[in-house]
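*Asks:* Okay, handing you the structure first.
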Amino acid sequence: MGHIEVELLIHEHAHKPITGEVLAVGRQHISPSPDEILAMMARHGVTPVRTDFEPDTLNTHHGEGEHPILDASLFRAMGNDTYFVADISPYEGADYIFDVCGEVPEELIGRFDFIIDGGSLDNVFDPLSMVRNMTKMLRPGGRMFIFAWSNGFPSAYVKITPDWIMDYCLVNEFADAKVYASRCDMPFDDPKLGQSVDLFHYHPYIDTPNGPVAEAAYVRVPGYGSTYCIAEKGVATTHHRMAVQKHYRGQDVEPYLTSAKRFHDSTQPAFSLPGAEVPDMPPISDQITVRPVARFGTPSTISLPDAIFRRLDQIGTDTRLARLEARLQAAEAGSRTSQLSDRVYEEAQRLSRQLYEYSVLAPGRSAASPMPRRFLSRARSALFRLAGK
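Basically this note's numbering = 1-based index in the sequence shown + 23.
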């Protein structure tokens, strides 16, 4: 869960506390630091129940230099101690091991008050079955929080659009649903290319001169985008109904319109950043159903062509460094087996210096775009080892 997901969660908790039993589909990677989480809670008027955030010691969630907190700690800070994890395998210590797209254990049907999926939906082969199963596992009045890639991310099986998840909630008569779409200036907080994310609220209900309609979003997100959904299960909510896209429905607009009106009348507010004005944002849809609500971070000041050329240059640089490192490792392997000839030693020494110089001293390299630290670290370590020969 990145900063946006955590802040959406805290906003939801501020207006309707997350209580009871919570289930996560897979362990969640919590990116914000404890101080950042506490600042978010203060911004939304949430008083933390606990502030002793426990570190996440699993190395499956984070890279070198990252120190995320345990996912359960985030919910404990909001006063919830009944946090469980479901997963398809036991590799991260899940409480329940089963395929979330298959049969749900009987004891989990209608059990949970809050279910969170932080990025599994776009990585399963059957996302509809997964959403249906999440609905089955909710109690009436329970909520599910889903966020998934809608565009750009290469490793996702499928992309989840705002229309897809909203239509599921409409046709299955959820009590309430808030759906958001985001556009990333550039992914992964790359400082060369910008760090902003624009968030938009998709609200399907519109009053027109010819009467109310439930309109689509038709979001177009160049580059990287995500879909977020917070939906509440009602007494009449189903899970088996299949939605039909807006332009194929014909006159069969129920229950889309009824559900859209119910979402419109909800007392649960859409997300906003307290005290922050909504800046002018490039639209992601021509539909009036999609409106901007918040910007996170600062947008890039470089043009899209510049961004593309810089990224291509970065890919080429990383590839060259990877090849240099592979050759360096091969040379060092000779040293470990006591077969380090003068020629191999000289080659290793040359590659180490070349790697170091290319990482740090390459002409024309901007200080805003340094080489990855792992390359610099390997180069220095190799030089120190070789210097002691």
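Heads up, the beta-carbon is just placed ideally off N, CA and C, and yes, glycines get one too.
What's the gap between the Cα of TYR191 and the Cα of THR158?
*Replies:* Counting from one through the sequence shown, the residue named residue 191 turns up at place 168. Counting from one through the sequence shown, the residue named residue 158 turns up at place 135. Looking at the two C-alpha atoms, the distance is approximately 11 Å.
*Asks:* Would DSSP call LYS215 helix, strand or coil?
*Replies:* Taking the sequence shown and counting its residues from 1, the one referred to as residue 215 is at position 192. Low confidence applies here, because LYS215 scores a pLDDT of 40, under 50, leaving its location unreliable and the question unanswered by this model.
*Asks:* Please report how far the alpha carbon of GLU126 lies from the alpha carbon of LEU31, in whole angstroms.
*Replies:* Taking the first residue of the sequence shown as position 1, residue 126 is located at position 103. Taking the first residue of the sequence shown as position 1, residue 31 is located at position 8. A direct Cα-Cα distance of roughly 30 Å separates GLU126 from LEU31.
*Asks:* Can you tell me whether ALA95 is helix, strand or coil according to DSSP?
*Replies:* As a first step, residue 95 must be located in the sequence shown, where it is residue number 72. Three-state result, ALA95: helix.
*Asks:* Whose CA, out of VAL72, LEU193, ILE183 and ILE139, lies closest to the CA of MET265?
*Replies:* The count along the sequence shown starts at 1 and reaches residue 265 at position 242. Selected option, being the one with the closest Cα: LEU193.
*Asks:* Please classify ARG318 as buried or exposed, where buried requires at least 16 other C-beta atoms within 10 Å of its C-beta.
*Replies:* Taking the first residue of the sequence shown as position 1, residue 318 is located at position 295. Classification for ARG318: buried.
*Asks:* For ASP94, count neighbouring Cβ atoms within 10 angstroms of its own Cβ and tell me buried if that reaches 16, exposed if not.
*Replies:* Residue mapping note: residue 94 aligns to position 71 of the sequence shown, counting from 1. Buried, because 16 or more other Cβ atoms sit within 10 Å of the Cβ of ASP94.
*Asks:* Does DSSP put THR105 in a helix, a strand or coil?
*Replies:* Taking the sequence shown and counting its residues from 1, one reaches residue 105 at position 82. THR105: coil per DSSP, three-state reduction.
*Asks:* Just verifying my parser: in three-state terms, what is the DSSP assignment at VAL267?
*Replies:* Translated into the one-based positions of the sequence shown, residue 267 becomes position 244. If DSSP states are grouped into helix, strand and coil, VAL267 belongs with coil.
*Asks:* At which residues does the beta strand (DSSP E) containing CYS207 begin and terminate?
*Replies:* Residue mapping note: residue 207 aligns to position 184 of the sequence shown, counting from 1. Run containing CYS207: 199 to 207, per the beta strand (DSSP E) assignment.
*Asks:* Measure the Cβ-Cβ separation of ILE111 and ILE120 and say whether it is below 9 Å.
*Replies:* Looking up residue 111 in the sequence shown gives position 88. Looking up residue 120 in the sequence shown gives position 97. Contact annotation: ILE111 and ILE120 have beta-carbon atoms nearer than 9 Å.
*Asks:* Three-state secondary structure (DSSP) at ASN233?
*Replies:* The residue labelled residue 233 in the question sits at position 210 within the sequence shown. DSSP places ASN233 in coil when its eight states are reduced to three.
*Asks:* What is the rounded straight-line gap between the Cα of VAL258 and the Cα of ALA198?
*Replies:* Within the sequence shown, residue 258 is the residue found at index 235, counting from 1. Within the sequence shown, residue 198 is the residue found at index 175, counting from 1. Looking at the two C-alpha atoms, the distance is approximately 8 Å.
*Asks:* By how many angstroms is the C-alpha of GLU115 removed from the C-alpha of ARG231?
*Replies:* Mapped onto the sequence shown, residue 231 falls at position 208. Mapped onto the sequence shown, residue 115 falls at position 92. In the sequence as displayed, the identity of residue 231 is Thr instead of Arg. Each residue's Cα considered, the two are about 51 Å apart.
*Asks:* With a cut-off of 8 Å on the beta carbons, I'd call GLN310 and TYR241 a contact; round off their distance for me.
*Replies:* The sequence position of residue 310 within the sequence shown is 287, counting from 1. The sequence position of residue 241 within the sequence shown is 218, counting from 1. Going by Cβ atoms, the distance from GLN310 to TYR241 rounds to 6 Å, so yes, they are a contact pair.
*Asks:* Leaving out five residues on either side along the sequence, give the residues of the same chain with a beta carbon under 7 Å from the beta carbon of THR42.
*Replies:* If you number the sequence shown from 1, residue 42 lands on position 19. Taken in chain order, the residues that qualify are ASN103 and ASP136.
*Asks:* Considering only residues of the same chain and omitting the five flanking positions on each side of HIS36, which have a CB-CB separation below 7 Å?
*Replies:* By one-based count along the sequence shown, residue 36 stands at place 13. The residues are VAL69 and MET101.
*Asks:* In whole angstroms, give me the CA-to-CA distance for VAL276 and ALA237.
*Replies:* On the sequence shown, residue 276 is found 253 positions in, with the first residue counted as 1. On the sequence shown, residue 237 is found 214 positions in, with the first residue counted as 1. Whole-angstrom Cα-Cα distance: 8 Å.
*Asks:* Spatial neighbours of ALA47 within its chain, please: C-beta separation below 8 Å, excluding the five flanking residues on both sides.
*Replies:* The residue labelled residue 47 in the question sits at position 24 within the sequence shown. Only ASP94, TYR106, PHE107, VAL108, ALA109, ILE138, ILE139, ASP140 and GLY141 meet the Cβ criterion.
*Asks:* Does DSSP put ALA390 in a helix, in a strand, or in coil?
*Replies:* Taking the sequence shown and counting its residues from 1, one reaches residue 390 at position 367. Low local confidence applies: a pLDDT of 43 at ALA390 is under 50, so the model's placement there is unreliable, and no value is given.
*Asks:* Return yes when the Cβ of ILE253 is within less than 9 Å of the Cβ of MET167, no when it is not.
*Replies:* By 1-based counting over the sequence shown, the position of residue 167 is 144. By 1-based counting over the sequence shown, the position of residue 253 is 230. Between MET167 and ILE253, the C-beta spacing is below 9 Å.
*Asks:* Helix, strand or coil, according to DSSP, for ASP58 in the structure here?
*Replies:* As a position in the sequence shown, residue 58 is number 35, starting the count at 1. The answer is helix: DSSP assigns ASP58 an H, G or I state.
*Asks:* Go through its chain and collect everything with a Cβ distance to ASN233's Cβ below 7 Å, but skip five positions before and after it.
*Replies:* One-based indexing of the sequence shown puts residue 233 at position 210. The beta carbon of ASN233 sits closer than 7 Å to no other beta carbon from its chain once the five residues preceding and following it are set aside.
*Asks:* ILE92 and ILE53 - do their beta-carbons sit closer together than 9 Å?
*Replies:* Residue mapping note: residue 53 aligns to position 30 of the sequence shown, counting from 1. Residue mapping note: residue 92 aligns to position 69 of the sequence shown, counting from 1. Yes.
*Asks:* Taking only the alpha-carbon atoms, compute the straight-line gap between ALA204 and PRO78 and give it to the nearest angstrom.
*Replies:* For this step, residue 204 is matched to residue 181 along the sequence shown. For this step, residue 78 is matched to residue 55 along the sequence shown. Taking the straight line joining both Cα atoms gives about 30 Å.
*Asks:* Output the distance between the C-alpha atoms of VAL29 and VAL267, rounded to the nearest integer angstrom.
*Replies:* In the sequence shown, residue 29 corresponds to position 6, counting from 1. In the sequence shown, residue 267 corresponds to position 244, counting from 1. Roughly 32 Å between the two C-alpha positions.
*Asks:* My assumption, with CB atoms under 8 Å, is that ALA179 sits in contact with TRP187. Please give the rounded CB distance.
*Replies:* Here residue 179 corresponds to residue number 156 of the sequence shown, with the count starting at 1. Here residue 187 corresponds to residue number 164 of the sequence shown, with the count starting at 1. The Cβ separation is near 13 Å, so there is no contact.
*Asks:* Between which residues of its own chain and PRO302 is the CB-CB distance below 7 Å, once the five residues before and five after are set aside?
*Replies:* Your numbering for residue 302 matches position 279 in the sequence shown. Within the same chain, PRO302 has close Cβ partners ARG318.
*Asks:* With a CB to CB cut of under 6 Å and the five nearest residues on each side skipped, what residues in its chain are close to SER96?
*Replies:* What you label residue 96 is simply residue 73 of the sequence shown in a count that begins at 1. Correct list, in chain order: PHE76 and GLU77.
*Asks:* Which value, in whole angstroms, describes the spacing of the CA atoms of ARG314 and ARG285?
*Replies:* For the purposes of this step, residue 314 is taken as residue 291 along the sequence shown, with counting starting at 1. For the purposes of this step, residue 285 is taken as residue 262 along the sequence shown, with counting starting at 1. Straight-line Cα distance between these residues: approximately 19 Å.
*Asks:* From ARG155, LEU161 and PHE223, pick the residue whose C-alpha is nearest to that of PHE294; which is it?
*Replies:* Taking the first residue of the sequence shown as 1, we reach residue 294 at position 271. Here the closest residue by C-alpha is PHE223.
*Asks:* Using a Cβ-Cβ distance under 9 Å, would ALA239 count as near chain C?
*Replies:* Of the protein chains in the structure, only one exists, and it is not chain C.
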